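Notes follow once the structure below has been shown.
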Amino acid sequence: MASRAELSNFLAEVERRAYKQALFAVRDEDTALDIVQDSMMRLSEKYADKPVEELPLLFQRILQNAIRDFYRRSRTRMERFTSLSALEGDADDPLDPLEVIEIDEDVNPFATPHTALLQAETLSLVEAALQTLPPRQREAFLLRYWEGLDIAETAAAMGCTEGSVKTHCSRATHTLAAALESKGIRP
Amino acid sequence: MSREEQFARQICRVLDRGTEELDHGIAERLRAARERALQHQHVATLSPAIVGAGGTALLGGDDEKHPLRTALAILALLLGVSLSYYWNGFSQASENEAIDSALLADDLPPNAYLDKGFQAWLEKDSPAGQ
């Protein structure tokens, strides 16, 4: 089982990302904090006997369930930002932003010669773009890439098939690329 | 790594920076939430020890850091079971003793209760039998 120190370290490592995940989903700081706190509490109370290596997936399951519970309780649909699909270009020949975005392998594109202000703006645009994603796409993207879960683990945390995870991730990535491209961000 | 995955990783690096620059007030509230959650883990790990002392053995529990506490809990459990056993034994003996004393102190000899004729006489002689 996870010792107190192990659990503490784990929570300290994930709490900020968890908060951001919840915030992207519910768009309210207090509610996001409540969701993270409840998730931490539940993990501590119910799964303290689990090995430390099982904690990431367990915690993500709890967190995602808590976010879904919030959706169910509030019964309000997240307002979508401007339809990002419109940014993809001509309907007959949609432009794939990933095809035109140039990635420099050797340089962190967000760190070069941009100012701190520009970085803050980039962050703000990325977070705003994430908020516009449909909840399941955002969930899949964040679990798969930000939390580093593999496809099977992401599917388990989301309660869907691995194929759905791949689809959600792909759509999320392309939508994000289109949204950032439209703002002049070329990662 | 696919182009899609590379892009996703870059997005995540930006997001990581966002978590590093999290508002101090939010970070403090998260830390407090973590502390509260950890206190609940403490309660969850203590409660089996309490139950163990009350009658459920705590064997191989999650308190490996406190073997003395575990040993004391097991000792208390064994002591409780032993006391309960002897208490029940004494109680039963005391009850039997009272019955025996009543039988022996009575004018009627105990063997009379085993005599079928006596039972028949009692039934015949009782007011209900008349």
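Those sequence lines, one after another, are chains A and B. Numbering of the first sequence is given in this note's numbering, commencing with residue 168 and proceeding in unit increments. Numbering of the second sequence is given in this note's numbering, commencing with residue 465 and proceeding in unit increments. Virtual Cβ for every residue (Gly too), placed ideally from N, Cα, C. Values in this document were obtained by computation on a predicted structure and should not be read as measured data.
- Rounded to whole angstroms, residue 343(A) and residue 227(A) show a C-alpha spacing of 22 Å.
- For residue 352(A), no alpha helix (DSSP H) segment is defined, and its DSSP state is neither H nor E.
- Rounded to the nearest angstrom, the gap between the Cα atoms of residue 202(A) and residue 312(A) is 21 Å.
- In terms of beta-carbon proximity, residue 497(B) lines the interface with chain A, with at least one pair separated by less than 9 Å.
- For a cut-off of 8 Å, the C-beta gap from residue 214(A) to residue 225(A) is around 5 Å, short enough to register as a contact.
- Taken through DSSP and simplified to helix, strand or coil, residue 238(A) comes out as helix.
- Residue state for residue 466(B) is assigned as coil, using DSSP reduced to three classes.
- Within 7 Å of the CB of residue 294(A), the CB atoms of chain B belong to 482, in sequence order along the chain.
- Taken through DSSP and simplified to helix, strand or coil, residue 214(A) comes out as coil.
- Under the Cβ criterion of 9 Å, residue 328(A) is not counted among the residues facing chain B.
- Put simply, of 350(A), 335(A) and 337(A) the residue whose alpha carbon is nearest the alpha carbon of residue 294(A) is 350(A).
- With respect to the 9 Å criterion, residue 321(A) and residue 332(A) are classified as neighbours on the basis of their beta carbons.
- Secondary structure within the stretch 271 to 342 of chain A: the alpha helix (DSSP H) runs of 4 or more consecutive residues, fully enclosed, are 283 to 299, 302 to 308 and 318 to 325 (chain order).
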